[in-house]
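Peer 1: The working numbering runs 533 ahead of the 1-based position in the sequence shown. A virtual CB, placed ideally from N, CA and C, is assigned to each residue, including glycine.
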Amino acid sequence: MGIDEIALRKGHKDFVVVLSDLDTHRLIGMAPSRTHAAIEAVLNTWGTDVLSNVVEVSMDLSGNYRGLVRRLMPQADIVADRFHVMSLVNQELNQARNALRRSPDDLPDGVTPEEAKAALKASKYALLKPKAHLTDTQRDKLAEVIAVSPKLTLMHQSKEDFRELFDAESWFQALPDVLDWMKAAKPLYPNAVATIRRWFGEVLHFELRTTSGVVEGINTRLKLIKRSGYGFTNFERFRLRCLICWHFSPTAA
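Put into structure tokens, the structure is as follows:
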């Protein structure tokens, strides 16, 4: 099962919680708010037989739902979604890139601030995308960044090393490498490392190969439904419209 959230109205804080079946790629429930009481009310309608058979719950690393899942579905493995884990690292890398663009420092000999700013311009995706997936243009841009910033060079390599850890066959195999990475990366990624430490067990469930692809696909469809209805202010109408789209076939006899 996947747990995520979307805003009912753009620019507002009225988030609704989205519950999805990761096996069938279907929406299976929605809660009107992010409170535990609202989510628990929905889950309780499924009954204990259903809840006791949930084997895996994927979520982001906000921490809002972990305690609730542990209480209602103690048998389920809680998995920190790989996309959100990598996003922690990428966010901190991009913040360092932006800071260096605003105020270039610690530059190699012979590199001027103007040259550094030029190299860092439009460099976001060259730094954040997996190196193996870069276009030729992005590879050239990455080479420019590496030439002007030792810090971003180290951070980029550390990011790539972390991504490779997800290819391990099991948490037991990856555990020493993850610990080594966290120790080496702490000066470069203090916030990401601190969060990963708090979610260490959930992050190590990566051998389940769970990603946010299913959840993000469902969220994209929900946003299209919301847009087609010119925005919804009534949660119940929005919920019913969404559930119908997944569970009712107009061609069914």
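If the criterion is Cβ atoms closer than 8 Å, does the pair A613 and W732 meet it?
Peer 2: yes
Peer 1: If you measure between the beta carbons of V681 and A701, is that distance less than 8 Å?
Peer 2: no
Peer 1: Once you ignore the five residues that flank M606 on each side, which residues in its own chain have a CB closer than 6 Å to its CB?
Peer 2: L584, V587
Peer 1: Give the DSSP-derived three-state secondary structure of R615 in the structure shown.
Peer 2: helix
Peer 1: Have a look at F699 and V711 and give me their C-alpha separation to the nearest angstrom.
Peer 2: 10 Å
Peer 1: Does the pairing of the stretch 629 to 642 with the stretch 614 to 621 give three or more beta-carbon distances under 8 Å?
Peer 2: no
Peer 1: So within the stretch 557 to 641, which uninterrupted beta strand (DSSP E) runs reach at least 3 residues, ignoring any that extend past its ends?
Peer 2: 559 to 564, 589 to 592, 610 to 613
Peer 1: If I follow the unbroken beta strand (DSSP E) through D700, where does it start and stop?
Peer 2: Taken as a continuous stretch (DSSP letters only), D700 belongs to no beta strand (DSSP E), as it is neither H nor E.
Peer 1: Considering only residues of the same chain and omitting the five flanking positions on each side of K650, which have a CB-CB separation below 8 Å?
Peer 2: R634, P637
Peer 1: Where do the ends of the beta strand (DSSP E) carrying F548 lie?
Peer 2: From DSSP, the beta strand (DSSP E) with F548 extends over 548 to 554.
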